[in-house]
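Participant: Quick note on numbering: the working numbering labels position 279 of the sequence shown as 263, and the sequence is numbered without any gaps. Beta carbons are placed, not taken as given, at the ideal position from N, Cα and C, and that holds for glycine.
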Amino acid sequence: MDSLLQLAAVAPQDTNLAKLYFDIGEIYLFIDPQKAKPYYLKLDTLSKWLNWNEGRYLFAAGYTDILNWKGLPDSSIVILQQVLALAKEENNELQIAKILTYIGNCYNYKQWLETALEYYYEALPILEKLNENYRLAHLYSFLGGVYDRLEMPNKSLEYCEKAVQIFENKPDDKMRLQILNNYAFALLSDHSQAEKTEEILLEALRICNLHNDRYHLMSIYCNLGEIAQRKCDVVKLDLYAKKALEIAIEFGDAGAYCILNRGLSYSERLKGNMNKSEEYVREALETAIEYDLSFEKMKCYYDLATLSAARHDFKNFNFYSVIYDSISKAITFEKTQLYAEELETKYETEKKQLEIERQKTIIEKQNLQRGIFIGGIAICVAVLALLFFLLRLRIRHNK
């Protein structure tokens, strides 16, 4: 990083400097996203000044990751749709496939899973045709993640295994890290695969430490903590949860902070430390309320109800259970609304597209009619000119 920063300070304003800004942004992205942001913006400014489209694609790829993590996927989609139009204008198939994948990721983040699948499957045949194995592996992994969230474990594992196979001969490749982590997450739903899942996560942990990737490190520790919790291994659960909690605070990840505090609460409950267990749950609940994390609020009230039952405090058990049920119903309703919003947006988009195509057809028809009309006039003028010429020729001949 020091070498790249020194080089950027003295480099001339050309495409190599633009690439350098992207490389610096990529390194910072998984260490400190806020430090990555100005380098992506410099990349964008320089690329526009140089009129370098490749730089615009790089900017869109990196900067939209930051926007997604900030909870702004709609802003990402606007940027990506602009560069998608540029890629289609250039007929740049690789960029089209990459951008379609990025847009799919944005909809995945929004939990518009069906729309995410549409974009992923639009990108899939292009990448297969181009034999872009690295990109294919990531796309397979994303597909596996969506199918996992759609509660289709067999389909999820099918795509995750395809992704893993591509990287079998590249043990230290950084891209393999995310593939393994997603594969392990898909396997978590199968309790009989706990040992295999732990092996995969420990391999991902090795690669993570090799590349000093703090962001994915948190996710790996969370998943390892999940396995330790299933095994009731409080020592490992405490170890992994505390390590992940430290990174969650560093990155300001409120959701992970709640999950990890609940994990530590479960560990204390197994030890019989009910008061300490409740402290961790209330810490998680306070954060969930502050950031309006409905799912985490629901889980916290479930944990408080469980603690109350363990203490034979049935009054509080009923109180927390009622809140848990009401939030659970609200989340179900919210999911229904989200799905309805997705369908409505798709309908409106398709309607606009049909209107654009209809207007295009009308314009093409009008242009055709205008062309025929102008062509007819041209032919008539040509015939009249020919007749006039023949008439003059005859007059001259007669004279």
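Out of I110, L134, E10, I184, which has the shortest C-alpha to C-alpha gap to E145?
Facilitator: Nearest C-alpha to E145: I184.
Participant: In this structure, how does DSSP classify A(-5) when only helix, strand and coil are distinguished?
Facilitator: In this structure, A(-5) counts as coil in the three-state DSSP scheme.
Participant: For L185, does the three-state DSSP call read helix, strand or coil?
Facilitator: Helix at L185.
Participant: Whose C-alpha, out of C216, E77, R133, is nearest the C-alpha of S173?
Facilitator: S173 has its Cα closest to that of R133, out of C216, E77, R133.
Participant: Helix, strand or coil for Q350 per DSSP?
Facilitator: Note: Q350 maps to helix in three-state DSSP.
Participant: Quick one: Cα of I346 to Cα of L84, how far?
Facilitator: Approximately 30 Å, taken between the alpha carbons.
Participant: Could you work out which residue in N35, A366, L189, E77 is closest to P109 when comparing CA atoms only?
Facilitator: Selected option, being the one with the closest Cα: E77.
Participant: Flag this pair as yes or no: are the beta carbons of L101 and L141 separated by less than 9 Å?
Facilitator: No; because the gap between Cβ atoms is not below 9 Å, this pair is not in contact.
Participant: Could you tell me which of L70, N117, N52 sits nearest to Y86, measuring between CA atoms?
Facilitator: Ranking the options by Cα distance to Y86, first place goes to N52.
Participant: Would you mind reading off the limits of the alpha helix (DSSP H) that contains Y224?
Facilitator: Taken as a continuous stretch (DSSP letters only), the alpha helix (DSSP H) holding Y224 covers 218 to 235.
Participant: Spell out whether any CB of chain B is found under 9 Å from the CB atom of Y167.
Facilitator: In the displayed structure, chain B is absent; only one protein chain is listed.
Participant: Spell out a yes or no on whether the region 57 to 71 and the region 3 to 23 are touching, meaning 3 or more CB-CB pairs, one atom from each, closer than 8 Å.
Facilitator: Result no; under three Cβ-Cβ pairs closer than 8 Å.
Participant: Is it buried or exposed for M(-15), if we count other Cβ within 10 angstroms and need 16 for buried?
Facilitator: Its Cβ having fewer than 16 others within 10 Å, M(-15) is exposed.
Participant: Touching or not, the region 225 to 240 and the region 252 to 259, by the rule of three or more beta carbon pairs under 8 Å?
Facilitator: No, the region 225 to 240 is not in contact with the region 252 to 259.
Participant: As a quick exercise: from E98, T316, Y91, E116, pick the residue whose alpha carbon is nearest that of K82.
Facilitator: Checking every option, the nearest Cα to that of K82 belongs to E116.
Participant: Applying the criterion that 16 or more other CB atoms from any shown protein chain within 10 Å of the CB defines a buried residue, is A45 buried or exposed?
Facilitator: Per the 10 Å Cβ criterion, buried.
Participant: Sort P137, K154, H195 by Cα distance to L171 and report the nearest one.
Facilitator: Closest by alpha carbon: P137.
Participant: Using a 10 Å radius around the Cβ and a threshold of 16 neighbouring Cβ atoms, would you call S31 buried or exposed?
Facilitator: The residue is buried, with at least 16 neighbouring Cβ atoms inside 10 Å.
Participant: Considering only residues of the region -15 to 33, which uninterrupted alpha helix (DSSP H) runs meet the minimum length of 4 residues and lie entirely inside it, listed in chain order?
Facilitator: The qualifying runs are -14 to -6, -1 to 13.
Participant: Would you tell me roughly how many angstroms separate the C-alpha atoms of I379 and G360, rounded to the nearest one?
Facilitator: Each residue's Cα considered, the two are about 29 Å apart.
Participant: Return helix, strand or coil for M136, following the three-state DSSP convention.
Facilitator: Coil, per DSSP.
Participant: Would you grab the beta carbon distance between A272 and K260 for me? Rounded to a whole angstrom, and I think it's under 8 Å.
Facilitator: The pair is not a contact, with the Cβ atoms about 19 Å apart (cut-off 8 Å).
Participant: Taking a contact to mean a Cβ-Cβ separation below 9 Å, would you say A228 touches Y205 in this structure?
Facilitator: Yes, the Cβ-Cβ distance between A228 and Y205 is below 9 Å.
Participant: Mind the definition here: the region 213 to 233 touches the region 185 to 192 only if three or more C-beta pairs lie below 8 Å; say whether that holds.
Facilitator: With a cut-off of 8 Å, the region 185 to 192 and the region 213 to 233 do not count as touching, because too few Cβ pairs lie within range.
Participant: Taking the alpha helix (DSSP H) that G247 belongs to, which residues open and close that run?
Facilitator: First-last of the alpha helix (DSSP H) with G247: 238 to 255.
Participant: Three-state secondary structure (DSSP) at Y275?
Facilitator: Of the three classes helix, strand and coil, the one that applies to Y275 here is coil, per DSSP.
Participant: What residue from H200, P(-4), H175 has the CA that sits closest to L186's CA?
Facilitator: Minimum Cα distance to L186 is reached at H200.
Participant: Go through its chain and collect everything with a Cβ distance to A232's Cβ below 7 Å, but skip five positions before and after it.
Facilitator: Counting only Cβ-Cβ distances below 7 Å, and skipping sequence neighbours, we find M202, A240, Y241, L244.
Participant: Could you pull the start and end residues of the alpha helix (DSSP H) that R214 belongs to?
Facilitator: Unbroken alpha helix (DSSP H) run through R214: 198 to 214.
Participant: So is E252 buried or exposed if we call it buried at 16+ other beta carbons inside 10 Å?
Facilitator: Classification of E252: buried, given that the 10 Å Cβ count is 16 or more.
Participant: With E106 as the anchor, note down where its alpha helix (DSSP H) starts and where it stops.
Facilitator: Residues 97 to 114.
Participant: Looking at the secondary structure, which residues open and close the alpha helix (DSSP H) in which N89 lies?
Facilitator: Note, N89: alpha helix (DSSP H), 77 to 93.
Participant: Quick one: grab the DSSP three-state call for S305.
Facilitator: Looking at S305 - three-state DSSP - the assignment turns out to be helix.
Participant: Please report how far the alpha carbon of D197 lies from the alpha carbon of F14, in whole angstroms.
Facilitator: Each residue's Cα considered, the two are about 6 Å apart.
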